[in-house]
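S.K.: Have a look at the structure that comes next, please.
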Amino acid sequence: MLSFASVAKGLLGGFNNTQVDLRFTPQLVIIGVNLLPKIAGIIDIAGNSFERYGGGFRCVVSALLELILMTLIGPATAVAITVFLCGLLMGKSITWDSQNRDRLGLSLRDTFRALWPQTLLGIGIAGLLTIKDSTPQMWALPFVTSLCLAIPFAVLTASPRLSHITICLRLFTIPEEVKLPPLLSSLIAPEIISRYQGSGHQKR
């Protein structure tokens, strides 16, 4: 909501001199709050063993990629939460369905059905930026870009092919993937375990 308010203020009323000096402060606070857990996690990994997470280089690359991905996902998620909360205020009922964790990917039709509000909002803000003097509003471009690309970004990141590439490169590795616990070994099909370990974890 704070980000939406800042964008609306910049587009509709602009900022006076005092607000221009302080307008980045709320965004920097939000960025800091989001980054602190990630930094703490990297420090904790560095204090233990990078090898449990695919090695030092892969761990750092994975952390940077995760930061970029979550930066792009963040605005779209914020819009989804806002729409959800507004729906609750209007009496909309909700159900808690089980998550689909099968690597099936997403179709453009289903993705558009879920993310059209984000895309419409992003296009609308982008249109307003082209009408107004865009120099003071350059800080809003990452926010707008995320909304406009919400649909193709969701389809891309849900792609089974992209998942296979990250597995082969051993990115986003967790300790349970390096050394599978006995409990998980009894739950996962042996051919899946051998295929995963053969595609990536034998490459050092």
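Each residue of the sequence shown is one higher than the last, beginning at 695 in our numbering.
Idealized CB from N, CA, C, for every residue including glycine.
Would residue 849 pass as an interface residue toward chain B - the criterion being a Cβ-Cβ separation below 8 Å?
M.R.: No chain B is present in this structure, which holds just one protein chain.
S.K.: Starting from residue 836, follow the alpha helix (DSSP H) in both directions and report where the run begins and ends.
M.R.: Segment 835 to 842, the alpha helix (DSSP H) holding residue 836.
S.K.: Pick helix, strand or coil for residue 857, following the three-state DSSP scheme.
M.R.: Residue 857 falls in the helix class under three-state DSSP.
S.K.: When DSSP labels each residue in this structure, what does residue 866 get in the three-state scheme?
M.R.: DSSP places residue 866 in coil when its eight states are reduced to three.
S.K.: Check whether the region 835 to 849 and the region 761 to 781 touch, using three or more Cβ-Cβ pairs below 8 Å as the test.
M.R.: Taking 8 Å as the limit for Cβ pairs, the verdict is that the region 761 to 781 does touch the region 835 to 849.
S.K.: So, for residue 756: in the same chain, excluding its five sequence neighbours on each side, which residues have a beta-carbon less than 8 Å away from its beta-carbon?
M.R.: The residues are 747, 748, 865, 866 and 867.
S.K.: Count the other C-beta atoms from every protein chain shown that fall within 10 angstroms of the C-beta of residue 788, then say buried if there are 16 or more, exposed otherwise.
M.R.: Residue 788 should be labelled exposed.
S.K.: Under 8 Å, with one C-beta from each stretch per pair, do the region 723 to 739 and the region 805 to 812 reach the 3-pair mark?
M.R.: Touching, no, given that fewer than three Cβ pairs across the two stretches are closer than 8 Å.
S.K.: My output table needs one value for residue 750: the three-state DSSP class, helix, strand or coil.
M.R.: It is helical.
S.K.: If you count every other CB in all the chains shown that lies within 10 Å of the CB of residue 848, and 16 or more means buried, which is it?
M.R.: That one is buried.
S.K.: Please state the DSSP three-state secondary structure of residue 799.
M.R.: Three-state result, residue 799: coil.
S.K.: What does the Cβ neighbour count give for residue 759, buried or exposed, with the cut at 16 atoms within 10 Å?
M.R.: Residue 759 should be labelled exposed.
S.K.: Would you identify the three-state DSSP class for residue 785, choosing helix, strand or coil?
M.R.: Coil at residue 785, not helix or strand.
S.K.: Kindly give me the distance between the Cβ atoms of residue 821 and residue 842, rounded to whole angstroms, as I take these residues to be in contact under 8 Å.
M.R.: Between residue 842 and residue 821 the Cβ distance is about 11 Å, and since that is not below 8 Å, they are no contact.
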